[in-house]
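Engineer:
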Amino acid sequence: MRNARGNLTATLRSAQEPAPEQLERFSEFLARTYQRQVPLVWERDDALRTGFRLQAGSDIYDWTLGGRVRQFQDYLRHIQPGQDDILPLMRQAVEEWEPTILPEEIGYVLTVDSEIATVSGLDHAQYGEILVFASGVKGMVQDLRQGELSCILFGDSEEVSAGSMVRRTLKTAAMPVGEVFLGRVVDPLGVPIDGKGPIRADTYRAIEAQAPGILDRQPVNAPMETGLLAIDSMFPIGRGQRELIIGDRQTGKTAIALDTILNQRDKNVICIYVAIGQKTSSVAQLTENLRRRGAMDYTTVVSAPAGASATLQYIAPYAGCALGEYFMYQGRDVLIVYDDLSKHAIAYRTLSLLLERSPGREAYPGDVFYLHSRLLERSAHLSDELGGGSMTALPIVETQAGDVSAYIPTNIISITDGQIFLEGDLFFSGQRPAVNVGLSVSRVGGDAQTKAVKSAAGAIRLDLAQYREMAVFTQFSSDLDEATRRQLTYGQGLMRLLRQPQYAPLSQHQQVAVLVAALGHVMQDISLERLDAFRTGLLAWLEEQAPDLCQRIDRTGQLPQEDREELLAQSRKFLAQFQADEKQG
Ligand code: ATP
Ligand code: MG
Numbered sequence: 008m009r010n011a012r013g014n015l016t017a018t019l020r021s022a023q024e025p026a027p028e029q030l031e032r033f034s035e036f037l038a039r040t041y042q043r044q045v046p047l048v049w050e051r052d053d054a055l056r057t058g059f060r061l062q063a064g065s066d067i068y069d070w071t072l073g074g075r076v077r078q079f080q081d082y083l084r085h086i087q088p089g090q091d092d093i094l095p096l097m098r099q100a101v102e103e104w105e106p107t108i109l110p111e112e113i114g115y116v117l118t119v120d121s122e123i124a125t126v127s128g129l130d131h132a133q134y135g136e137i138l139v140f141a142s143g144v145k146g147m148v149q150d151l152r153q154g155e156l157s158c159i160l161f162g163d164s165e166e167v168s169a170g171s172m173v174r175r176t177l178k179t180a181a182m183p184v185g186e187v188f189l190g191r192v193v194d195p196l197g198v199p200i201d202g203k204g205p206i207r208a209d210t211y212r213a214i215e216a217q218a219p220g221i222l223d224r225q226p227v228n229a230p231m232e233t234g235l236l237a238i239d240s241m242f243p244i245g246r247g248q249r250e251l252i253i254g255d256r257q258t259g260k261t262a263i264a265l266d267t268i269l270n271q272r273d274k275n276v277i278c279i280y281v282a283i284g285q286k287t288s289s290v291a292q293l294t295e296n297l298r299r300r301g302a303m304d305y306t307t308v309v310s311a312p313a314g315a316s317a318t319l320q321y322i323a324p325y326a327g328c329a330l331g332e333y334f335m336y337q338g339r340d341v342l343i344v345y346d347d348l349s350k351h352a353i354a355y356r357t358l359s360l361l362l363e364r365s366p367g368r369e370a371y372p373g374d375v376f377y378l379h380s381r382l383l384e385r386s387a388h389l390s391d392e393l394g395g396g397s398m399t400a401l402p403i404v405e406t407q408a409g410d411v412s413a414y415i416p417t418n419i420i421s422i423t424d425g426q427i428f429l430e431g432d433l434f435f436s437g438q439r440p441a442v443n444v445g446l447s448v449s450r451v452g453g454d455a456q457t458k459a460v461k462s463a464a465g466a467i468r469l470d471l472a473q474y475r476e477m478a479v480f481t482q483f484s485s486d487l488d489e490a491t492r493r494q495l496t497y498g499q500g501l502m503r504l505l506r507q508p509q510y511a512p513l514s515q516h517q518q519v520a521v522l523v524a525a526l527g528h529v530m531q532d533i534s535l536e537r538l539d540a541f542r543t544g545l546l547a548w549l550e551e552q553a554p555d556l557c558q559r560i561d562r563t564g565q566l567p568q569e570d571r572e573e574l575l576a577q578s579r580k581f582l583a584q585f586q587a588d589e590k591q592g
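Those letters in the sequence shown? Residues 8 to 592, by the numbering used here.
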């Protein structure tokens, strides 16, 4: 062992006592390897049965049968099975394999508690490296200190005991990835938890990866449609964008993400939903919902539920992101939802406190900003040289009493390209999705919005802003002039049209039609209660009376003047019929 002054000593272990000339040979080997005389002592170890194990400092040289078998197993793991017969490969492997005398670093567990183990002796282990404990439990190195390190445990800490051995793997944590993950529910290590049998992954991707650089990216220029009128018309999201969904609890945050996933059907987008710290039953319900609506065909759910260890909750978004990257670097378009990063930050805070890192603001460790920025930076629209794939991120953050100036919300607001702010008061008044039009923003999606939606949406934000101002202003006055009253009913109508039930995403031409009719004041005289019926009727009418027009808008994403006029004309025709029916009814 290495003592305080750095002197190296060695121990030889075996079941049988070595002959003096054998000891001599080990001493020579040590002198040759370390370029100096290394004092050597022998210890009996009946567990080793055949062969010798030599330990010098924290290096282990394993000449035991068990060690050789493990080496051979490692070697076998690295040969790539082809399509063909495995036997010739096996034969070749057996012929080519040579035992090595590379040192293997071994450490010992100093302490263990619920999620953390400290280990001594692994002088060369690196941050993020995976360690394997004697019982098979794995851990990931988090803190490196002189002579010892701390690692977070992926398995049951009861199976790790102080004094037991730890091996390095020289590998960082990786997520198995592949097409086969679509339709599945897995934990953050890629292990299926949906009871549908094992998954044979194509390959692995490191869960922590460098984000694409500036030259690897291109501007966001294609829409990622949510199917929600309130978002696509005013806060359009583009492929490769990061748009935060933020609001108090139970304000419809998950519902927006879920609808967006449903809306990707037949759009050739891969979806990944990462559930962090949620109830297992909620995740099961959401998955069932996706499955029933045919969305699991292109979706993977990665879940670290509330009952899972803080370690698993901490790595969950990175694991989901690695899976997303696998598809993005193949040139595909990916949508990833992190639901939610508030719980993720809390899991990380728990780990950091256990690791005895000094707590900062709101007891979060100082690097919590970096925690989320290195995750969200990995979303991108890749350059054409890199295949042109994209990963759009919808991180979700829960606020307390609408406070967006708390630590985690301000952090994440500053790393994303905009936020959809959901408001409890709106939600409870029935305005769902409860998007606060004044506080929400999308900074890059405007370029990605199709011309059709952009031109149809026109000045809707401005109209709504005017309406809100006027509503506050006229709150207590009873006698309003005709023009003001019309303005108010128009604004109320717009707000009502932005309401949308769950699981009913609107296609592009449907959004365009509603917007053109509403902003063209076609619905001005319809009572608020009848607006829903009017909208449904109008969309059905167009489908029947002007199918070509509908298809053209969906296909081209354009709205030339004559199409807009046809839409308006059709809307007025439908209005006449609707009003006639109402009179009769
Ligand atoms: P939590 O904070 O618990 O995660 P959340 O903010 O994610 O909640 P959701 O679970 O999405 O909120 O929605 C809360 C409830 O509101 C659910 O029962 C959901 O079905 C309902 N809801 C959400 N959006 C709508 C909508 N547009 N129309 C009708 N009901 C909705
Ligand atoms: Mg939710």
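Using N, Cα and C, we set each Cβ at its ideal position, and we do this for glycine too. None of these values were measured; they are calculated from a predicted model.
#1: Among Lys350, Ser349, Met335, which one has its Cα closest to the Cα of Ile343?
#2: By the 10 Å Cβ neighbour count, where 16 or more other Cβ atoms means buried, how is Val276 classified, buried or exposed?
#3: To the nearest angstrom, report how far apart Val529 and Leu582 are at their CA atoms.
#4: For Phe242, which three-state DSSP category applies?
#5: Just to check, is the beta-carbon of Arg256 closer than 7 Å to a non-hydrogen atom of the ligand ATP?
#6: When every heavy atom of the ligand MG is checked, does at least one fall within less than 7 Å of the C-beta of Thr18?
#7: I need the DSSP call for Glu111, collapsed to helix, strand or coil.
#8: Using C-beta distances below 7 Å, list every residue in its chain close to Asp150, excluding the 5 sequence neighbours before and after it, in chain order.
#9: Would you kindly work out how many angstroms separate the C-alpha atoms of Gln225 and Asp374, rounded to a whole number?
#10: Any heavy atom of the ligand ATP closer than 7 Å to the CB of Thr481?
#11: Straight-line CA distance for Phe376 to Phe585?
#12: Among Pro508, Thr481, Ile467, Met477, which has the Cα closest to the Cα of Ala524?
#13: Is the shortest distance between the beta-carbon of Gly498 and the beta-carbons of chain C less than 8 Å?
#14: Looking at the ligand ATP, does it come within less than 7 Å of Lys178, judged from the CB to the closest heavy atom?
#15: Tell me the DSSP secondary structure of Gln149 in three-state form.
#16: Examine the Cβ distances between the stretch 559-569 and the stretch 497-507 and report whether three or more of them are shorter than 8 Å.
#17: Counting beta carbon pairs with one atom in the stretch 530-541 and one in the stretch 476-488, are three or more of them shorter than 8 Å?
#18: Given Arg368, which residues of its chain have a CB within under 6 Å of its CB, disregarding the five upstream and five downstream residues?
#19: Looking at the ligand ATP, does it come within less than 7 Å of Ala262, judged from the CB to the closest heavy atom?
#20: Rounding to the nearest angstrom, what Cα-Cα distance links Leu433 and Leu495 in this structure?
#21: Cβ of Arg439 within 7 Å of any heavy atom in the ligand ATP?
#22: Return yes when at least one heavy atom of the ligand ATP lies under 7 Å from the C-beta of Gly284, else no.
#23: Helix, strand or coil for Phe428? Go by DSSP, reduced to three states.
#24: For a minimum of 3 consecutive residues, which ranges assigned as the beta strand (DSSP E) are wholly contained in the stretch 26-53?
#25: Measure the CB-CB distance between Glu332 and Ala180 and report whether it falls below 8 Å.
#26: Which same chain residues end up closer than 7 Å to Ala313 when comparing Cβ atoms and leaving out the 5 residues on each side of it in sequence?
#27: Would you mind sorting Arg39 into buried or exposed? The rule is 16 or more other CB atoms within 10 Å of its CB.
#28: Regarding Asp66 and the ligand MG, is the C-beta to nearest heavy atom distance less than 7 Å?
#29: In its own chain, which residues sit with a C-beta less than 6 Å from the C-beta of Gln320, not counting the 5 before and 5 after it?
#30: If the criterion is Cβ atoms closer than 8 Å, does the pair Ala124 and Val167 meet it?
#31: Along the beta strand (DSSP E) that carries Ala213, what are the first and last residues, could you check?
#32: Quick check: the Cα distance between Gly247 and Pro230, rounded to an integer number of angstroms?
#33: Using only the heavy atoms of the ligand NAP, determine whether one of them is closer than 7 Å to the beta carbon of Gln518.
#34: Would you mind giving the Cβ-Cβ distance between Ala17 and Arg56, rounded to the nearest angstrom? I have them listed as a contact below 8 Å.
#35: What's the C-alpha gap between Leu160 and Ser359?
#36: Which class does Arg272 belong to by DSSP, given the choice of helix, strand or coil?
Structural biologist: In terms of the structure at hand:
#1: Indexing the sequence shown from 1 puts residue 343 at position 336. Nearest option by C-alpha distance: Met335.
#2: Here residue 276 refers to the residue found at position 269 when the sequence shown is read from its first residue. Buried.
#3: The residue labelled residue 529 in the question sits at position 522 within the sequence shown. The residue labelled residue 582 in the question sits at position 575 within the sequence shown. If I take the Cα positions, the gap works out to 8 Å.
#4: As a first step, residue 242 is located in the sequence shown; it is residue number 235 there, counting from the start. Residue state, collapsed to three classes: coil.
#5: Residue numbering aside, residue 256 sits at position 249 when the sequence shown is read from its first letter. Yes, Cβ of Arg256 sits closer than 7 Å to a heavy atom of the ligand ATP.
#6: The sequence position of residue 18 within the sequence shown is 11, counting from 1. No, Cβ of Thr18 sits at least 7 Å from all heavy atoms of the ligand MG.
#7: Position 104 of the sequence shown, counted from the start, is the residue given in the question as residue 111. If DSSP states are grouped into helix, strand and coil, Glu111 belongs with the strands.
#8: As a working mapping, residue 150 is identified with position 143 in the sequence shown. Excluding positions up to five away in sequence, the list reads Leu156, Ser157, Leu362.
#9: Mapped onto the sequence shown, residue 225 falls at position 218. Mapped onto the sequence shown, residue 374 falls at position 367. For Gln225 and Asp374, the distance between alpha carbons rounds to 29 Å.
#10: Translated into the one-based positions of the sequence shown, residue 481 becomes position 474. Incorrect: Thr481 has no Cβ contact closer than 7 Å to the ligand ATP.
#11: Indexing the sequence shown from 1 puts residue 376 at position 369. Indexing the sequence shown from 1 puts residue 585 at position 578. In this structure, the alpha-carbon of Phe376 lies about 55 Å from that of Phe585.
#12: The count along the sequence shown starts at 1 and reaches residue 524 at position 517. Nearest of Pro508, Thr481, Ile467, Met477 to Ala524, Cα basis: Ile467.
#13: Protein chain content of the structure displayed is limited to a single chain, and chain C is not contained in it.
#14: Here residue 178 is taken as the residue at index 171 of the sequence shown, counted from 1. Not so, every heavy atom of the ligand ATP lies at least 7 Å from the Cβ.
#15: Working through the sequence shown from its first residue, we reach residue 149 at position 142. Here Gln149 sits in strand by DSSP.
#16: Three or more Cβ pairs closer than 8 Å define a contact, and the stretch 559-569 falls short of that threshold against the stretch 497-507.
#17: They do not touch, by the three-pair rule.
#18: Locating residue 368 in the sequence shown gives position 361, where the first residue counts as 1. Beyond the five residues adjoining it in sequence on each side, Arg368 comes within less than 6 Å, by CB distance, of Tyr414 in the same chain, given in chain order.
#19: Within the sequence shown, residue 262 is the residue found at index 255, counting from 1. Because some heavy atom of the ligand ATP lies under 7 Å away, the Cβ of Ala262 counts as near it: yes.
#20: Counting from 1 along the sequence shown, the entry for residue 433 is found at position 426. Counting from 1 along the sequence shown, the entry for residue 495 is found at position 488. Answer to the nearest angstrom: the Cα atoms are 18 Å apart.
#21: Working through the sequence shown from its first residue, we reach residue 439 at position 432. Flag set: Cβ of Arg439 near the ligand ATP.
#22: If you number the sequence shown from 1, residue 284 lands on position 277. No, since every heavy atom of the ligand ATP falls outside the 7 Å radius drawn around the Cβ of Gly284.
#23: Within the sequence shown, the letter at position 421 stands for residue 428. Under the three-state reduction of DSSP, Phe428 is assigned to strand.
#24: As for any beta strand (DSSP E) of minimum length 3 sitting wholly inside the stretch 26-53, the runs are 47-51, ordered along the chain.
#25: For the purposes of this step, residue 332 is taken as residue 325 along the sequence shown, with counting starting at 1. For the purposes of this step, residue 180 is taken as residue 173 along the sequence shown, with counting starting at 1. Contact: no.
#26: Counting from one through the sequence shown, the residue named residue 313 turns up at place 306. Closer than 7 Å at the Cβ level, and outside the excluded window around Ala313, lie Gly284, Gln285, Lys286.
#27: Locating residue 39 in the sequence shown gives position 32, counting from the first residue. The residue in question, Arg39, is exposed, as its Cβ has fewer than 16 Cβ neighbours within 10 Å.
#28: Looking up residue 66 in the sequence shown gives position 59. Every heavy atom of the ligand MG is 7 Å or more from the Cβ of Asp66, so no.
#29: Locating residue 320 in the sequence shown gives position 313, where the first residue counts as 1. These residues qualify, in order along the chain: Ile283, Gly284, Ala311, Ala354.
#30: To locate residue 124, count along the sequence shown from 1; it is residue 117. To locate residue 167, count along the sequence shown from 1; it is residue 160. Yes, Cβ-Cβ distance for Ala124 and Val167 is below 8 Å.
#31: Counted from its first residue, the sequence shown places residue 213 at position 206. Residues 210-213.
#32: In the sequence shown, residue 247 corresponds to position 240, counting from 1. In the sequence shown, residue 230 corresponds to position 223, counting from 1. Between Gly247 and Pro230, the C-alpha separation is close to 9 Å.
#33: Judged by which ligands are present, the ligand NAP is missing from the structure shown, whose ligands are the ligand ATP and the ligand MG.
#34: The residue labelled residue 17 in the question sits at position 10 within the sequence shown. The residue labelled residue 56 in the question sits at position 49 within the sequence shown. At roughly 21 Å, the Cβ-Cβ gap does not stay under 8 Å, so Ala17 and Arg56 are not in contact.
#35: Along the sequence shown, one-based indexing puts residue 160 at 153. Along the sequence shown, one-based indexing puts residue 359 at 352. When rounded, the distance between both Cα atoms is 13 Å.
#36: Position 265 of the sequence shown, counted from the first residue, corresponds to residue 272. In the structure shown, Arg272 falls within a coil segment according to DSSP collapsed to helix, strand and coil.
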